[in-house]
(Lines of atoms letter the chains of each structure in order from A and count residues from 1; the text may use other names and numbers.)
(Lines give C-alpha, C1' and ligand atoms only; values in the text may rest on other atoms or scores of the structure.)
Protein backbone atom coordinates (compact mmCIF):
# COMPACT_ATOMS: atom_id res chain seq x y z
CA UNK A 1 0.00 0.00 0.00
CA UNK A 2 1.43 3.42 -1.00
CA UNK A 3 0.91 6.44 1.29
CA UNK A 4 1.34 10.12 0.47
CA UNK A 5 3.63 12.35 2.53
CA UNK A 6 0.71 13.75 4.54
CA UNK A 7 -0.68 10.27 5.23
CA UNK A 8 2.73 9.09 6.46
CA UNK A 9 2.97 12.11 8.78
CA UNK A 10 -0.48 11.50 10.27
CA UNK A 11 0.25 7.79 10.68
CA UNK A 12 3.52 8.49 12.56
CA UNK A 13 1.80 11.16 14.69
CA UNK A 14 -0.91 8.69 15.70
CA UNK A 15 1.68 6.01 16.44
CA UNK A 16 3.77 8.31 18.66
CA UNK A 17 1.06 10.16 20.57
CA UNK A 18 -1.84 7.75 20.39
CA UNK A 19 -4.29 10.36 19.17
CA UNK A 20 -7.22 8.97 17.24
CA UNK A 21 -7.31 9.93 13.59
CA UNK A 22 -9.58 8.86 10.71
CA UNK A 23 -6.57 7.63 8.74
CA UNK A 24 -5.54 5.28 11.54
CA UNK A 25 -9.01 3.79 11.62
CA UNK A 26 -8.88 3.39 7.85
CA UNK A 27 -5.54 1.59 8.05
CA UNK A 28 -6.84 -0.76 10.72
CA UNK A 29 -9.88 -1.53 8.60
CA UNK A 30 -7.68 -2.31 5.59
CA UNK A 31 -5.49 -4.62 7.68
CA UNK A 32 -8.55 -6.56 8.86
CA UNK A 33 -9.73 -6.84 5.26
CA UNK A 34 -6.37 -8.22 4.15
CA UNK A 35 -6.39 -10.80 6.91
CA UNK A 36 -9.93 -11.79 6.03
CA UNK A 37 -8.93 -12.07 2.36
CA UNK A 38 -6.04 -14.39 3.22
CA UNK A 39 -8.42 -16.58 5.17
CA UNK A 40 -10.82 -16.69 2.24
CA UNK A 41 -7.97 -17.63 -0.13
CA UNK A 42 -6.82 -20.44 2.15
CA UNK A 43 -10.36 -21.76 2.42
CA UNK A 44 -10.75 -21.52 -1.36
CA UNK A 45 -7.50 -23.48 -1.80
CA UNK A 46 -8.61 -26.16 0.64
CA UNK A 47 -11.92 -26.63 -1.15
CA UNK A 48 -10.64 -26.06 -4.70
CA UNK A 49 -9.67 -28.28 -7.63
CA UNK A 50 -5.95 -29.19 -7.70
CA UNK A 51 -5.79 -28.65 -11.48
CA UNK A 52 -7.59 -25.38 -12.24
CA UNK A 53 -7.60 -23.88 -8.68
CA UNK A 54 -10.86 -22.12 -9.56
CA UNK A 55 -13.77 -24.52 -9.22
CA UNK A 56 -14.75 -26.29 -6.04
CA UNK A 57 -13.75 -29.91 -5.66
CA UNK A 58 -16.25 -32.58 -6.69
CA UNK A 59 -14.40 -35.58 -5.27
CA UNK A 60 -11.16 -36.82 -3.66
CA UNK A 61 -9.15 -39.80 -4.86
CA UNK A 62 -9.42 -42.77 -2.55
CA UNK A 63 -5.71 -43.43 -1.95
CA UNK A 64 -3.89 -40.08 -2.07
CA UNK A 65 -6.91 -37.85 -1.28
CA UNK A 66 -5.97 -35.30 -3.95
CA UNK A 67 -9.05 -33.35 -5.02
CA UNK A 68 -10.41 -32.35 -8.41
CA UNK A 69 -13.47 -31.04 -10.15
CA UNK A 70 -15.06 -33.56 -12.51
CA UNK A 71 -14.48 -31.47 -15.65
CA UNK A 72 -10.71 -31.06 -15.13
CA UNK A 73 -10.15 -34.67 -14.11
CA UNK A 74 -12.15 -35.94 -17.08
CA UNK A 75 -10.09 -33.82 -19.50
CA UNK A 76 -6.85 -35.01 -17.89
CA UNK A 77 -7.68 -38.73 -18.14
CA UNK A 78 -9.00 -38.33 -21.69
CA UNK A 79 -5.76 -36.64 -22.79
CA UNK A 80 -3.64 -39.40 -21.23
CA UNK A 81 -5.74 -42.10 -22.89
CA UNK A 82 -5.62 -40.39 -26.30
CA UNK A 83 -1.81 -40.31 -26.17
CA UNK A 84 -1.39 -43.97 -25.12
CA UNK A 85 -0.91 -45.57 -28.51
CA UNK A 86 2.31 -47.55 -27.98
CA UNK A 87 2.59 -51.22 -27.00
CA UNK A 88 3.34 -50.43 -23.35
CA UNK A 89 0.33 -50.44 -21.05
CA UNK A 90 -0.37 -46.88 -19.88
CA UNK A 91 -1.15 -46.41 -16.20
CA UNK A 92 -3.37 -43.50 -15.21
CA UNK A 93 -1.61 -41.60 -12.43
CA UNK A 94 -2.66 -38.75 -10.16
CA UNK A 95 -1.62 -35.46 -11.83
CA UNK A 96 -0.43 -34.12 -8.44
CA UNK A 97 1.47 -36.93 -6.68
CA UNK A 98 1.78 -39.42 -9.61
CA UNK A 99 0.39 -42.34 -7.61
CA UNK A 100 -1.31 -45.04 -9.70
CA UNK A 101 -5.11 -44.75 -9.96
CA UNK A 102 -7.04 -47.96 -10.53
CA UNK A 103 -9.26 -48.16 -13.60
CA UNK A 104 -12.21 -48.95 -11.35
CA UNK A 105 -11.81 -45.52 -9.77
CA UNK A 106 -10.98 -43.21 -12.69
CA UNK A 107 -13.58 -44.85 -14.93
CA UNK A 108 -16.33 -43.36 -12.74
CA UNK A 109 -15.55 -39.85 -13.97
CA UNK A 110 -14.99 -40.28 -17.72
CA UNK A 111 -17.14 -41.15 -20.72
CA UNK A 112 -17.78 -44.65 -22.03
CA UNK A 113 -15.90 -43.75 -25.23
CA UNK A 114 -12.75 -42.97 -23.21
CA UNK A 115 -13.01 -46.27 -21.33
CA UNK A 116 -13.46 -48.21 -24.58
CA UNK A 117 -10.47 -46.46 -26.15
CA UNK A 118 -8.30 -47.23 -23.12
CA UNK A 119 -9.29 -50.90 -23.16
CA UNK A 120 -8.60 -51.10 -26.89
CA UNK A 121 -5.09 -49.63 -26.77
CA UNK A 122 -4.01 -50.93 -23.36
CA UNK A 123 -5.02 -54.56 -23.46
CA UNK A 124 -2.25 -57.09 -22.73
CA UNK A 125 -0.58 -59.22 -25.43
CA UNK A 126 -0.88 -56.50 -28.08
CA UNK A 127 1.16 -57.36 -31.14
CA UNK A 128 3.46 -55.14 -33.16
CA UNK A 129 2.26 -54.61 -36.72
CA UNK A 130 3.47 -52.70 -39.77
CA UNK A 131 1.83 -51.88 -43.07
CA UNK A 132 3.31 -53.24 -46.27
CA UNK A 133 5.07 -50.42 -48.18
CA UNK A 134 3.73 -51.78 -51.47
CA UNK A 135 0.01 -52.32 -50.80
CA UNK A 136 -0.59 -50.93 -47.25
CA UNK A 137 -1.76 -54.30 -45.92
CA UNK A 138 -1.22 -54.51 -42.15
CA UNK A 139 1.02 -57.42 -41.22
CA UNK A 140 1.52 -58.93 -37.75
CA UNK A 141 4.67 -61.05 -37.25
CA UNK A 142 3.80 -62.56 -33.84
CA UNK A 143 0.55 -63.91 -32.49
CA UNK A 144 0.12 -64.53 -28.77
CA UNK A 145 -1.61 -67.34 -26.93
CA UNK A 146 -3.21 -66.65 -23.59
CA UNK A 147 -2.14 -68.42 -20.41
CA UNK A 148 -5.15 -70.75 -20.34
CA UNK A 149 -4.60 -72.08 -23.86
CA UNK A 150 -0.87 -72.59 -23.20
CA UNK A 151 -1.55 -74.46 -20.02
CA UNK A 152 -4.00 -76.81 -21.70
CA UNK A 153 -1.51 -77.69 -24.45
CA UNK A 154 1.65 -78.19 -22.41
CA UNK A 155 2.53 -80.10 -19.28
CA UNK A 156 1.48 -77.98 -16.30
CA UNK A 157 4.64 -78.84 -14.36
CA UNK A 158 6.68 -76.59 -16.64
CA UNK A 159 4.86 -73.57 -15.20
CA UNK A 160 5.61 -74.60 -11.60
CA UNK A 161 9.33 -75.26 -12.17
CA UNK A 162 11.49 -72.40 -10.85
CA UNK A 163 13.90 -72.83 -13.76
CA UNK A 164 11.09 -71.92 -16.17
CA UNK A 165 10.01 -68.73 -14.46
CA UNK A 166 8.92 -65.95 -16.84
CA UNK A 167 11.90 -63.75 -16.03
CA UNK A 168 14.29 -66.32 -17.52
CA UNK A 169 12.37 -67.01 -20.72
CA UNK A 170 13.40 -63.88 -22.71
CA UNK A 171 17.06 -64.59 -21.91
CA UNK A 172 16.62 -68.24 -22.89
CA UNK A 173 15.01 -67.23 -26.19
CA UNK A 174 17.80 -64.79 -27.03
CA UNK A 175 20.61 -67.28 -26.35
CA UNK A 176 18.89 -70.20 -28.07
CA UNK A 177 17.89 -68.41 -31.29
CA UNK A 178 21.31 -66.76 -31.58
CA UNK A 179 23.08 -70.13 -31.37
CA UNK A 180 20.63 -71.90 -33.69
CA UNK A 181 21.00 -69.20 -36.34
CA UNK A 182 24.79 -69.43 -36.16
CA UNK A 183 24.73 -73.13 -37.10
CA UNK A 184 21.95 -72.93 -39.72
CA UNK A 185 23.32 -73.35 -43.23
CA UNK A 186 20.19 -73.42 -45.38
CA UNK A 187 16.95 -71.52 -45.87
CA UNK A 188 14.98 -74.51 -44.63
CA UNK A 189 16.96 -74.61 -41.39
CA UNK A 190 16.40 -70.89 -40.84
CA UNK A 191 12.66 -71.40 -41.30
CA UNK A 192 12.77 -74.10 -38.64
CA UNK A 193 14.60 -71.75 -36.26
CA UNK A 194 11.96 -69.11 -36.92
CA UNK A 195 9.25 -71.65 -36.11
CA UNK A 196 11.02 -72.53 -32.83
CA UNK A 197 11.12 -68.82 -31.96
CA UNK A 198 7.36 -68.51 -32.53
CA UNK A 199 6.72 -71.56 -30.34
CA UNK A 200 8.73 -70.03 -27.49
CA UNK A 201 6.63 -66.88 -27.76
CA UNK A 202 3.53 -69.00 -27.23
CA UNK A 203 4.95 -70.23 -23.91
CA UNK A 204 5.14 -66.78 -22.33
CA UNK A 205 2.36 -65.95 -19.90
CA UNK A 206 3.19 -62.40 -18.74
CA UNK A 207 2.28 -59.52 -21.09
CA UNK A 208 5.44 -57.46 -20.46
CA UNK A 209 7.77 -60.42 -20.96
CA UNK A 210 5.86 -61.46 -24.06
CA UNK A 211 6.31 -57.95 -25.46
CA UNK A 212 10.10 -58.30 -25.02
CA UNK A 213 10.02 -61.70 -26.72
CA UNK A 214 8.21 -60.47 -29.83
CA UNK A 215 10.75 -57.68 -30.35
CA UNK A 216 13.58 -60.17 -29.86
CA UNK A 217 11.91 -62.31 -32.54
CA UNK A 218 11.79 -59.30 -34.91
CA UNK A 219 15.48 -58.62 -34.19
CA UNK A 220 16.44 -62.05 -35.56
CA UNK A 221 13.72 -62.31 -38.22
CA UNK A 222 13.02 -58.77 -39.51
CA UNK A 223 11.66 -59.76 -42.93
CA UNK A 224 8.03 -60.68 -43.49
CA UNK A 225 6.04 -61.57 -46.61
CA UNK A 226 2.86 -59.63 -47.29
CA UNK A 227 -0.20 -61.85 -47.37
CA UNK A 228 -1.80 -59.72 -50.08
CA UNK A 229 0.91 -58.80 -52.62
CA UNK A 230 3.49 -61.48 -51.64
CA UNK A 231 6.26 -58.86 -51.41
CA UNK A 232 8.86 -59.05 -48.63
CA UNK A 233 9.62 -56.02 -46.46
CA UNK A 234 11.53 -55.14 -43.30
CA UNK A 235 9.60 -54.85 -40.04
CA UNK A 236 12.28 -52.68 -38.44
CA UNK A 237 12.29 -49.80 -40.93
CA UNK A 238 9.20 -50.44 -43.07
CA UNK A 239 11.14 -50.47 -46.35
CA UNK A 240 11.56 -53.31 -48.81
CA UNK A 241 13.67 -56.28 -47.70
CA UNK A 242 17.43 -55.63 -47.71
CA UNK A 243 19.31 -58.80 -46.84
CA UNK A 244 22.97 -58.18 -46.04
CA UNK A 245 22.44 -54.45 -45.41
CA UNK A 246 21.41 -52.53 -42.33
CA UNK A 247 18.32 -50.34 -42.52
CA UNK A 248 20.47 -47.19 -42.64
CA UNK A 249 22.82 -48.57 -45.33
CA UNK A 250 19.83 -49.64 -47.42
CA UNK A 251 18.29 -46.15 -47.32
CA UNK A 252 21.62 -44.54 -48.26
CA UNK A 253 21.94 -46.90 -51.21
CA UNK A 254 18.37 -46.20 -52.34
CA UNK A 255 19.01 -42.45 -52.17
CA UNK A 256 22.03 -42.83 -54.49
CA UNK A 257 20.03 -44.94 -56.94
CA UNK A 258 16.98 -42.68 -56.90
CA UNK A 259 19.06 -39.54 -57.51
CA UNK A 260 19.92 -41.00 -60.90
CA UNK A 261 16.28 -41.60 -61.83
CA UNK A 262 14.85 -38.44 -60.13
CA UNK A 263 12.50 -40.39 -57.92
CA UNK A 264 10.14 -38.19 -55.87
CA UNK A 265 10.65 -40.39 -52.80
CA UNK A 266 14.28 -39.35 -52.38
CA UNK A 267 13.39 -36.42 -50.07
CA UNK A 268 11.28 -38.69 -47.89
CA UNK A 269 14.17 -41.13 -47.59
CA UNK A 270 16.58 -38.31 -46.72
CA UNK A 271 14.29 -37.07 -43.95
CA UNK A 272 13.82 -40.60 -42.63
CA UNK A 273 17.56 -41.24 -42.66
CA UNK A 274 18.35 -37.99 -40.81
CA UNK A 275 15.60 -38.07 -38.18
CA UNK A 276 15.18 -41.82 -37.59
CA UNK A 277 17.16 -44.22 -35.45
CA UNK A 278 16.69 -47.74 -34.17
CA UNK A 279 15.62 -48.17 -30.59
CA UNK A 280 18.51 -49.99 -28.84
CA UNK A 281 16.03 -52.25 -27.05
CA UNK A 282 13.37 -53.29 -29.59
CA UNK A 283 15.38 -52.55 -32.80
CA UNK A 284 12.40 -50.77 -34.39
CA UNK A 285 13.25 -47.53 -36.20
CA UNK A 286 11.56 -44.54 -34.56
CA UNK A 287 11.35 -40.90 -35.69
CA UNK A 288 12.21 -37.66 -33.90
CA UNK A 289 12.73 -34.31 -35.64
CA UNK A 290 12.91 -32.03 -32.58
CA UNK A 291 13.18 -32.16 -28.81
CA UNK A 292 15.90 -32.97 -26.29
CA UNK A 293 18.20 -36.00 -26.24
CA UNK A 294 16.08 -37.99 -23.79
CA UNK A 295 13.80 -40.30 -25.80
CA UNK A 296 11.29 -42.87 -24.60
CA UNK A 297 10.39 -45.48 -27.20
CA UNK A 298 6.60 -45.56 -27.52
CA UNK A 299 6.70 -49.22 -28.54
CA UNK A 300 8.78 -50.87 -25.81
CA UNK A 301 9.10 -48.04 -23.27
CA UNK A 302 12.92 -48.04 -23.26
CA UNK A 303 14.47 -44.67 -22.28
CA UNK A 304 17.74 -43.80 -24.04
CA UNK A 305 19.91 -40.96 -25.30
CA UNK A 306 19.19 -40.00 -28.91
CA UNK A 307 22.82 -39.03 -29.58
CA UNK A 308 24.76 -42.02 -28.20
CA UNK A 309 21.85 -44.56 -28.12
CA UNK A 310 22.89 -45.72 -24.65
CA UNK A 311 20.48 -46.12 -21.74
CA UNK A 312 19.69 -42.71 -20.27
CA UNK A 313 22.10 -41.74 -17.49
CA UNK A 314 23.70 -38.71 -15.83
CA UNK A 315 26.35 -38.59 -18.58
CA UNK A 316 23.65 -37.98 -21.18
CA UNK A 317 22.66 -34.31 -21.06
CA UNK A 318 19.30 -33.16 -22.35
CA UNK A 319 20.99 -31.05 -25.04
CA UNK A 320 24.69 -31.98 -24.89
CA UNK A 321 25.72 -35.64 -24.66
CA UNK A 322 29.13 -36.15 -23.05
CA UNK A 323 29.52 -39.52 -24.79
CA UNK A 324 28.96 -38.35 -28.36
CA UNK A 325 30.64 -34.94 -28.66
CA UNK A 326 31.07 -35.11 -32.45
CA UNK A 327 27.32 -35.49 -32.93
CA UNK A 328 26.73 -32.52 -30.63
CA UNK A 329 29.01 -30.32 -32.75
CA UNK A 330 27.26 -31.40 -35.94
CA UNK A 331 23.87 -30.66 -34.42
CA UNK A 332 25.02 -27.22 -33.19
CA UNK A 333 26.38 -26.34 -36.64
CA UNK A 334 23.12 -27.41 -38.30
CA UNK A 335 21.05 -25.30 -35.89
CA UNK A 336 23.26 -22.27 -36.58
CA UNK A 337 22.80 -22.66 -40.33
CA UNK A 338 19.05 -23.08 -39.97
CA UNK A 339 18.74 -20.23 -37.48
CA UNK A 340 17.08 -22.47 -34.90
CA UNK A 341 19.26 -21.67 -31.88
CA UNK A 342 16.55 -19.44 -30.39
CA UNK A 343 13.71 -21.83 -31.19
CA UNK A 344 11.81 -23.01 -28.14
CA UNK A 345 11.77 -26.70 -27.30
CA UNK A 346 8.77 -28.85 -28.25
CA UNK A 347 6.14 -28.62 -25.50
CA UNK A 348 7.85 -25.61 -23.84
CA UNK A 349 6.29 -22.10 -24.12
CA UNK A 350 8.30 -19.57 -26.09
CA UNK A 351 9.22 -16.91 -23.50
CA UNK A 352 10.09 -14.40 -26.24
CA UNK A 353 6.49 -14.46 -27.46
CA UNK A 354 5.10 -14.13 -23.95
CA UNK A 355 6.95 -10.91 -23.11
CA UNK A 356 6.52 -9.12 -26.44
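Numbering (this note's numbering), first residue to last: 50 to 405. Glycine included, every Cβ here is placed at the ideal spot set by N, Cα and C. On a predicted model such as this, the values are computed, not experimentally measured, just so you know.
CB contact flag (residue i, residue j, <7 Å)
i           : j           : result
residue 159 : residue 123 : yes
residue 349 : residue 264 : yes
residue 335 : residue 341 : no
residue 235 : residue 266 : no
residue 273 : residue 188 : yes
residue 104 : residue 118 : yes
residue 115 : residue 143 : yes
residue 285 : residue 296 : yes
residue 282 : residue 173 : no
residue 360 : residue 368 : no
residue 338 : residue 324 : yes
residue 300 : residue 322 : yes
Residue i - partner residues in DSSP beta bridges
i           : result
residue 161 : Paired residue(s): none; residue 161 is not in a bridge.
residue 116 : 109
residue 354 : 343
residue 300 : None, per the DSSP bridge assignment.
residue 224 : For residue 224, which the question treats as bridged, DSSP gives no partner whatsoever.
residue 327 : 334
residue 281 : 274
residue 128 : Residue 128 pairs with nothing; no bridge assigned.
residue 149 : 142
residue 370 : 365
residue 180 : 187
residue 173 : Answer is none; residue 173 lacks a bridge partner.
residue 97  : 105
residue 360 : 353
residue 289 : 282
Whole-angstrom distance between residue j and residue i, CA atom to CA atom
i           : j           : result
residue 230 : residue 240 : 10 Å
residue 319 : residue 277 : 28 Å
residue 150 : residue 242 : 43 Å
residue 298 : residue 333 : 15 Å
residue 250 : residue 108 : 44 Å
residue 133 : residue 139 : 6 Å
residue 226 : residue 219 : 11 Å
residue 175 : residue 95  : 42 Å
residue 355 : residue 347 : 14 Å
residue 256 : residue 169 : 15 Å
residue 317 : residue 184 : 18 Å
residue 222 : residue 164 : 35 Å
residue 344 : residue 288 : 23 Å
residue 326 : residue 110 : 41 Å
residue 147 : residue 129 : 13 Å
residue 224 : residue 262 : 12 Å
residue 106 : residue 100 : 10 Å
residue 362 : residue 351 : 13 Å
residue 217 : residue 102 : 49 Å
residue 271 : residue 290 : 9 Å
residue 248 : residue 238 : 15 Å
residue 372 : residue 280 : 40 Å
residue 125 : residue 302 : 46 Å
residue 153 : residue 136 : 22 Å
residue 161 : residue 178 : 27 Å
residue 294 : residue 171 : 35 Å
residue 307 : residue 127 : 44 Å
residue 141 : residue 252 : 29 Å
residue 370 : residue 186 : 39 Å
residue 157 : residue 228 : 51 Å
Environment of residue i [buried if 16+ CB atoms lie within 10 Å]
i           : result
residue 155 : buried
residue 232 : exposed
residue 357 : buried
residue 121 : buried
residue 22  : Shown here, the chain extends from 50 to 405; a query on residue 22 therefore has no answer.
residue 365 : buried
residue 331 : buried
residue 167 : buried
residue 292 : exposed
residue 131 : exposed
residue 202 : Note on residue 202: pLDDT 48, under 50, position unreliable in the model; no value is reported.
residue 244 : exposed
residue 180 : exposed
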